[in-house]
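Colleague: Structure incoming, see below.
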Amino acid sequence: MRRINRAIFASATALGLVAAPAAGSALAEPDTSARGGGDVIQLPVTFEVDNVNRSAVQCNTDGGTYEVAGHLTAPADAFRGRPRDLTVTMYQHGIAGGEWYWNMDLEGYNHVEEMAERGHVSVSVDRIGYDASGVPNGYDTCIGAQADITNQIVEQLREGDYELDRSADRGAIPGRRTPEFDKVVLAGQSNGGLIVNIAAISFGNVDGLSVHGWGDLGFTPEADERFIAATGGCLQRMSPAVEDPRPELPEGYNYYDNGTEEFLTGNFADATPEMLEAVTPLQNAHPCNDMSTITSAIYVDLMRMDEIDVPVHVVFGEEDARIRDVQLQADLYSGSPDVRTLMVPDAGHYMGLERNAETVFEDMDAWLTESVG
-7 MRRINRAIFA
3 SATALGLVAA
13 PAAGSALAEP
23 DTSARGGGDV
33 IQLPVTFEVD
43 NVNRSAVQCN
53 TDGGTYEVAG
63 HLTAPADAFR
73 GRPRDLTVTM
83 YQHGIAGGEW
93 YWNMDLEGYN
103 HVEEMAERGH
113 VSVSVDRIGY
123 DASGVPNGYD
133 TCIGAQADIT
143 NQIVEQLREG
153 DYELDRSADR
163 GAIPGRRTPE
173 FDKVVLAGQS
183 NGGLIVNIAA
193 ISFGNVDGLS
203 VHGWGDLGFT
213 PEADERFIAA
223 TGGCLQRMSP
233 AVEDPRPELP
243 EGYNYYDNGT
253 EEFLTGNFAD
263 ATPEMLEAVT
273 PLQNAHPCND
283 MSTITSAIYV
293 DLMRMDEIDV
303 PVHVVFGEED
313 ARIRDVQLQA
323 DLYSGSPDVR
333 TLMVPDAGHY
343 MGLERNAETV
353 FEDMDAWLTE
363 SVG
């Protein structure tokens, strides 16, 4: 694996990509316009949410109201006529990512568009604290709150109680009502997988879970080292006696990976030069309390994962530098009627953005069709 990571870093260096993240890049404004072509539609969506925590993970929040921004991506004919029994998958990104992980503007790697081409409706979002969504103080939200907000979005998707921007393509979804969904599936990458687990444990209200690159057990030494360093950096930012190590970031935010080299080698094992170039400026900082409450969330997860009683899909990269042992994670879902696993060949932590991404798309399609229906 070390040889693979060095090759990735060498490719990035040759492209002139290796540098510290630019000031403010973690919260830069992404493209929020409608995209998609031919048989796929994509429209901006906004959810109004409260930064509160009623989940099984005890942690504090500011109780404020924020907007969560993202996109609805679907087959062009998904909402024509009087569609019934609509299913949507809501996608959560990881600690160092953003909506861009699922909605990458690079041909052949846009997960939600690939799903639409296979007949599925998706909603991908930036969590609060990331890119286009509201930015609380990073010490005033947490994993429990992110799970609560996830459930708030699930409820809004079921009720059609969210804002849909039709202006870019007024004919994409007929009528004036926003779509309501009968089934809602949650998918999460990296710690987004932990968040969707906690949402399912705490609130139920979901019809399936797809967990990519998250394991409650099986962390590698590299993952432990990054966790300790990032947590220490957050503690430094809280101390008035220490010079702020990240003055370019909002209060209470830090990077999981220290610089571009760690970001690329920690997340990729088999990416194209074009992908490395595309993702380098996208590295996100995270709310510090999202990081500091991961351990308590893992404890809840391990104690209560047998309560998850919906179909589960577990996806790992064969060369993931963060987490190992897909079967170890799959076995924890002992209450699920159907647990499907996928090990993506040669892939790292960001398996959906690497050369074998098509394997992820095909298996996700098969699982949604066969297990969720």
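Residue numbering for the sequence shown follows this note's numbering, beginning at -7 and increasing consecutively.
Yeah, the Cβ is synthetic: ideal placement off N, Cα and C, and Gly gets one too.
1) Could you pull out every residue in the same chain whose Cβ sits closer than 8 Å to the Cβ of Ser363, ignoring the five residues on either side in sequence?
2) Alpha helix (DSSP H) containing Val318: first to last residue?
3) Starting from Arg119, follow the beta strand (DSSP E) in both directions and report where the run begins and ends.
4) For Gly28 and Gln34, what's the separation of their Cα atoms in angstroms?
5) For Ser159, does the count of other Cβ atoms within 10 angstroms reach 16, so buried, or fall short, so exposed?
6) Using the Cα positions of Leu209 and Gln321, report the straight-line distance between them to the nearest angstrom.
7) I need the straight-line Cα distance from Ser25 to Met295, nearest angstrom please.
8) Between the Cα of Gln138 and the Cα atoms of Glu254, Thr351, Asn45, which residue gives the shortest distance?
9) Compare the beta carbon distance of Asp293 and Leu186 with 8 Å and say whether it is the shorter of the two.
10) Of the choices Glu106, Gly244, His103, whose alpha-carbon is the least far from that of Asp54?
11) Does the Cβ of Gln50 have 16 or more other Cβ atoms within 10 Å, making it buried, or fewer, making it exposed?
12) Among Arg168, Val32, Asn189, whose alpha-carbon lies nearest the alpha-carbon of Val113?
13) Between Asp118 and Ser125, how many whole angstroms is the CB-CB distance? I'm expecting something under 8 Å.
14) CB Tyr122 to CB Asn348, shorter than 8 Å?
15) Taking 7 Å as the limit between beta carbons, can you name the residues of its chain near Gln316, skipping five residues before and five after?
16) Please list, in chain order, all residues of the same chain as Val104 whose beta carbon is under 6 Å from its beta carbon, the five residues on each side excluded.
17) Any chance you could list the alpha helix (DSSP H) runs of at least 4 consecutive residues sitting entirely within the region 212 to 249, in chain order?
18) Would you call the CB atoms of Leu178 and Ile165 closer than 8 Å?
19) Have a look at Thr5 and Glu254 and give me their C-alpha separation to the nearest angstrom.
20) Is the beta carbon of His278 less than 8 Å from the beta carbon of Arg314?
21) Have a look at Val127 and Thr57 and give me their C-alpha separation to the nearest angstrom.
22) Suppose you measure from the CA of Ala191 to the CA of Trp206; what does that come to, to the nearest Å?
23) Measure the beta-carbon distance from Trp359 to Ser194 and round it to whole angstroms, keeping in mind my assumption that it falls under 8 Å.
24) From Gly184 to Ile87, what does the alpha carbon distance come to, in whole angstroms?
Modeller: A quick look at the data gives this:
1) Gly200, Pro303, His305, Asp330, Arg332
2) 318 to 323
3) Neither: Arg119 is in no beta strand (DSSP E) and is coded neither H nor E.
4) Confidence in Gly28 is poor, its pLDDT being 44 and thus under 50, which makes the residue's placement unreliable; the coordinate value appears in the next sentence. Each residue's Cα considered, the two are about 6 Å apart.
5) exposed
6) 7 Å
7) Any reading at Ser25 must be qualified, since the residue scores a pLDDT of 43, below 50, and its modelled position is unreliable; no value is offered.
8) Asn45
9) yes
10) Gly244
11) exposed
12) Val32
13) 4 Å
14) no
15) Checking the sequence, you will find Arg at residue 316 rather than Gln. Same-chain partners within the cutoff: Gly210, Thr212.
16) Thr65, Trp94, Asn95, Ser114, Ser116
17) 213 to 230
18) no
19) Residue placement at Thr5 is poorly supported in this model, since its pLDDT is 46, which falls under 50; the coordinates still yield a value, given next. The alpha-carbon atoms of Thr5 and Glu254 are separated by roughly 13 Å.
20) no
21) 10 Å
22) 15 Å
23) Not confirmed; about 23 Å, so no contact.
24) 7 Å
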